[in-house]
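J.: Our numbering applies: residue 2 is where the sequence shown begins, and numbers increase by one. Structure incoming, see below.
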Amino acid sequence: MVTLAMPVTAANRLTGPTQPGLPEDAPLAQRCRLREVPAFEELFHLHSPRLKSVAWNLLRRRQDAEDAVQETFLKAYRHIGTFHGNCTLATWLCRILINTCRDMASRHSRRFEHSSDELDVHSSHGVDPTLALVLEQALSCLSPILREVFLLAESEGFSHPEIASILDIDAGTSRSRLCEARRQLRQALLSRREDLSPHA
C-alpha cells in the first residue's frame with residue numbers, strides 16, 4: 002500500500018460506508034437536526050481526523066485540507082436535514098468532503114501541488130524526499146477520477162464497495178479505475194527512473 006499521508010489508526014477509520022445508516026447514527030443525526038451544539042461537536046470529533054487525512058491526500062496542502070474539512074462541517078450543519086439514514090454519517094460526510102475538495106481544486110487550479118511543509122510530512126514518516134517527490138509527480142499525471150480512486154484505496158485503505166458509495170459509482174468501476182491508475186502510475190514511475198538513480 003502506498004502511504005502518502007498522516008498515519009491512520011483504527012480510531013479514525015471511516016467505518017462501513019456501504020452499510021445502511023448504523024443504529025448509533027440515528028440518535029446523533031437527530032440531535033444534529035435539532036441543531037444541538039454538543040451533537041455537532043461529537044460529529045466533528047468522531048470524523049474530523051479521518052476527513053483531514055482524506056482532504057490532505059486530495060489537495061496536498063495542509064491549509065487547503067483544513068479549510069475543506071471546515072467547509073464540509075459547515076455544509077453538514079446547513080444540510081443535515083437531507084441526511085435520511087440510507088448511508089452512514091461517515092459516508093455522507095465523506096461525499097460532501099470529496100465534492101468540496103473538487104470545488105477547491107477547481108477554484109485554485111492546482112491539483113496536487115507540493116510544498117516544503119508537505120514534504121516534511123513525508124520525511125517525518127521515513128519516506129525518502131526524492132521518492133516522495135517522484136511519486137507525487139507521477140500522481141499528478143493521473144486524471145482526477147483515477148487519482149481519487151487510487152488515493153482512497155491505496156492511501157486511505159477504503160474497500161471498493163466503500164469507494165463506490167463515497168463516489169457514487171459501482172464497485173466494478175472502482176476496481177477498473179484502480180487497475181488503470183496503477184498501470185498509468187507504473188508507466189509514469191518508469192519514465193522517471195532516472196530521478197531515483199544514484200547515477201542520475
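Think of the CB as a built atom: it goes at the ideal place given N, C-alpha and C, for glycine as much as any other residue.
1) Three-state secondary structure (DSSP) at L86?
2) Can you name, in chain order, every residue of its own chain whose Cβ lies under 8 Å from the Cβ of W93, other than the five neighbours on each side?
3) Given a threshold of 16 other Cβ atoms within 10 Å of its Cβ, counted over all protein chains shown, does R148 qualify as buried or as exposed?
4) Consider the Cβ of L147: report whether some Cβ of chain B lies at a distance smaller than 7 Å.
5) What did DSSP end up calling A173 once you bin it into helix, strand or coil?
6) Anyone know if the C-beta pair for L136 and A154 falls short of 7 Å?
7) Across the segment 57-68 and the segment 31-43, are there enough close Cβ pairs to call them in contact, namely three or more that are closer than 8 Å?
8) Let me confirm a value: N87 is counted as buried when at least 16 other C-beta atoms fall within 10 Å, else exposed. Which label applies?
9) Need the endpoints of the alpha helix (DSSP H) that S160 sits in, please.
10) So, using beta-carbon positions, are I167 and S175 closer together than 7 Å?
11) What's the C-alpha gap between A30 and A91?
12) With a CB to CB cut of under 7 Å and the five nearest residues on each side skipped, what residues in its chain are close to I170?
13) Report, in whole angstroms, the separation of the C-beta atoms of C33 and L60, which I expect to be a contact under 8 Å.
14) Between which residues of its own chain and S192 is the CB-CB distance below 6 Å, once the five residues before and five after are set aside?
15) If you compare alpha carbons, which of A133, T131, L47, R63 is closest to M105?
16) What residue does the alpha helix (DSSP H) around S144 start on, and which one ends it?
T.: On the basis of the data shown:
1) The residue you call residue 86 lines up with position 85 of the sequence shown. In the sequence as displayed, the identity of residue 86 is Gly instead of Leu. The DSSP-derived three-state label of G86 is coil.
2) The count along the sequence shown starts at 1 and reaches residue 93 at position 92. Cβ contact annotation for W93 (same chain, cutoff 8 Å, sequence separation greater than five): A77, F84, in chain order.
3) By 1-based counting over the sequence shown, the position of residue 148 is 147. By the Cβ-count criterion, R148 is buried, with 16 or more other Cβ atoms from all chains shown falling within 10 Å of its own Cβ.
4) Here chain B cannot be found, since the structure has a single protein chain.
5) Your numbering for residue 173 matches position 172 in the sequence shown. Per the sequence presented here, residue 173 reads as Gly, with Ala not at that position. Judged by DSSP in its simplified three-state form, G173 adopts helix.
6) Numbered from its first residue, the sequence shown carries residue 136 at position 135. Numbered from its first residue, the sequence shown carries residue 154 at position 153. Not a contact, by the Cβ cut-off of 7 Å.
7) Flag = no, the segment 57-68 and the segment 31-43 do not touch.
8) Position 86 of the sequence shown, counting from 1, holds the residue named residue 87. With fewer than 16 Cβ atoms within 10 Å of its Cβ, N87 is classed as exposed.
9) Stepping through the sequence shown from its first residue, residue 160 is reached at position 159. Unbroken run through S160: none, as it is neither H nor E.
10) The residue you call residue 167 lines up with position 166 of the sequence shown. The residue you call residue 175 lines up with position 174 of the sequence shown. Not closer than 7 Å, so no.
11) Within the sequence shown, numbered from 1, the residue matching residue 30 stands at position 29. Within the sequence shown, numbered from 1, the residue matching residue 91 stands at position 90. Computed Cα separation, rounded: 11 Å.
12) Counting from 1 along the sequence shown, the entry for residue 170 is found at position 169. Cβ within range, chain order: n/a, list empty.
13) For this step, residue 33 is matched to residue 32 along the sequence shown. For this step, residue 60 is matched to residue 59 along the sequence shown. Wrong, their Cβ atoms sit about 26 Å apart, outside the cutoff.
14) Counting from one through the sequence shown, the residue named residue 192 turns up at place 191. For S192, where only same-chain residues beyond five positions count, there are no Cβ hits under 6 Å.
15) Against the sequence shown, residue 105 aligns to sequence position 104. Closest by alpha carbon: R63.
16) On the sequence shown, position 143 is the one that residue 144 refers to. For S144, there is no enclosing alpha helix (DSSP H), as DSSP gives it neither H nor E.
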